[in-house]
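Trainee: Residue numbers (the numbering used here): 82 to 160.
Shown below is the structure under consideration.
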C-alpha cells in the first residue's frame, strides 16, 4: 500500500467512514503521486532512513517518514 493510500485509509478510519466517502481530495493538501514516489521502496537499492513530510489534511496532522511510517493525528490530541 502506498503512503497516500495509507493516509486515506487512516483518515477514513478516524472519521468512521469508508475511504470513498472522503470528499476532500488528498491533492488539496499534498501531491499524492510525488509523495508516493518520494517514499516508495527501491528493490535492491539503498534504504531511506532519514527524512519526513508533515502536512495538514482534513484537520489532521499527517506525518510520513522515510522508513514508511504514516501517522495521522488529530491536532487536538493531548501529547
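Heads up, the beta-carbon is just placed ideally off N, CA and C, and yes, glycines get one too.
Bear in mind that the values here come from a model prediction, so they are computed numbers and not experimental data.
Check residue 143 in the structure and name its three-state DSSP category.
Mentor: By 1-based counting over the chain shown, the position of residue 143 is 62. If DSSP states are grouped into helix, strand and coil, residue 143 belongs with the strands.
Trainee: Rounded to whole angstroms, how far is the Cβ of residue 120 from the Cβ of residue 84, which I believe are closer than 8 Å?
Mentor: Here residue 120 refers to the residue found at position 39 when the chain shown is read from its first residue. Here residue 84 refers to the residue found at position 3 when the chain shown is read from its first residue. That belief holds up - the Cβ atoms of residue 120 and residue 84 are roughly 5 Å apart, short of 8 Å.
Trainee: I need the boundaries of the beta strand (DSSP E) containing residue 91, first residue and last residue.
Mentor: Mapped onto the chain shown, residue 91 falls at position 10. Where residue 91 is concerned, there is no enclosing beta strand (DSSP E), although the alpha helix (DSSP H) it sits in stretches over 84-96.
Trainee: Which term fits residue 153, buried or exposed, when burial requires 16 or more other beta carbons within 10 angstroms of its beta carbon?
Mentor: Residue mapping note: residue 153 aligns to position 72 of the chain shown, counting from 1. Burial call: buried.
Trainee: For residue 185, write down the residues that DSSP places opposite it in a beta bridge.
Mentor: The question about residue 185 has no answer, for the chain in this structure spans 82 to 160.
Trainee: Would you kindly check if the distance between the Cβ of residue 125 and the Cβ of residue 148 is under 9 Å?
Mentor: Taking the first residue of the chain shown as 1, we reach residue 148 at position 67. Taking the first residue of the chain shown as 1, we reach residue 125 at position 44. Not a contact, by the Cβ cut-off of 9 Å.
Trainee: Can you tell me which of the three DSSP states residue 118 falls into?
Mentor: In the chain shown, counting from the first residue as 1, residue 118 sits at position 37. Here residue 118 sits in helix by DSSP.
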